[in-house]
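Contents: one structure, followed by commentary.
Residue numbers (my numbering): -18 to 256.
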């Protein structure tokens, strides 16, 4: 066999090896995701035992990170949900709900039937509609060893007046992710960015979605102008003038020569601009 034939055979062999490895990694990734789904289902079975709302005065919540803390839209209260904690041996995930009375300087643990699954790095936004609502999207669940992740793409609302959870099923929404950002603007939720990571790969997002609180529908926006690069963990705020300001964030995708910039999204019309 000539030199050219040997090279071609070697090349085909490398391609086959790479394809086998890809298939093996993909299969392992699916198996790990199935394991996490089974663990999530187990915790949901435990949560299903709650049949009534129970409010218990308590000491401050246990240590945690990547939880959400939102201001109640109608009361002098803060609302804490979810989060995670590594105790030195394993990672613990929470779906506990606490309220903090600013006036009384007091915490209350609120157990409500049918809560969202345990998660961290989600986003929560409080709005005044319907006597007050807390909207939650996405986030992640981690295996006890902290090596595997399941990213949610579900949307939940806590009706604050009646203390009831509701999962809102609406097609066309964002893919599963965590580390994204979400704010309220008029009668809409605006969602930007985030990331999804598995054993196989990772991806960062810079897409923008709106959720209409009146029609319960998702819309993917296509802003004009040059938008921010894909990222998670950024800061995002809405101004009274109808602009959404985005600053900083993180991505494993290295950008050489980059610097921190502030990006603005004007609503409406939907247009990115840099500052």
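Yeah, the Cβ is synthetic: ideal placement off N, Cα and C, and Gly gets one too.
Per-residue burial, residue i [other beta carbons within 10 Å of its own, 16 or more giving buried]
i	result
residue 121	buried
residue 221	exposed
residue 65	buried
residue 154	buried
residue 96	buried
residue 23	exposed
residue 151	exposed
residue 58	buried
residue 98	buried
residue 34	exposed
residue 76	buried
residue 70	exposed
Reduced DSSP category for residue i - H, G, I as helix; E, B as strand; rest coil
i	result
residue 46	strand
residue 114	strand
residue 2	Note on residue 2: pLDDT 42, under 50, position unreliable in the model; the coordinate value appears next. In the structure shown, residue 2 sits in a helix (DSSP, three-state: H, G or I).
residue 7	Here the model assigns residue 7 a pLDDT of 46, short of 50, so the residue's position is not dependable, and the following value carries that caveat. Three-state result, residue 7: helix.
residue 140	strand
residue 196	coil
residue 25	helix
C-beta contact flag for residue i and residue j at 9 Å
i	j	result
residue 93	residue 146	yes
residue 196	residue 234	no
residue 79	residue 62	yes
residue 54	residue 113	yes
residue 163	residue 199	no
residue 217	residue 228	yes
residue 213	residue 158	yes
residue 189	residue 172	yes
residue 119	residue 140	no
residue 131	residue 17	yes
residue 134	residue 156	yes
Range of the contiguous beta strand (DSSP E) that encloses residue i
i	result
residue 59	58 to 67
residue 175	169 to 178
residue 165	162 to 166
residue 132	130 to 132
residue 216	216 to 219
residue 34	Residue 34 -> no beta strand (DSSP E), and no H or E assigned at all.
residue 78	72 to 82
residue 213	From DSSP, residue 213 is part of no beta strand (DSSP E); its letter is neither H nor E.
residue 147	145 to 148
heavy atom of the ligand GTP below 8 Å from residue i C-beta
i	result
residue 138	Only the bare structure without any ligand can be found here, which leaves the ligand GTP out of the picture.
Does the region 40 to 47 come close enough to the region 88 to 107 that 3 or more CB-CB pairs lie under 8 Å? yes
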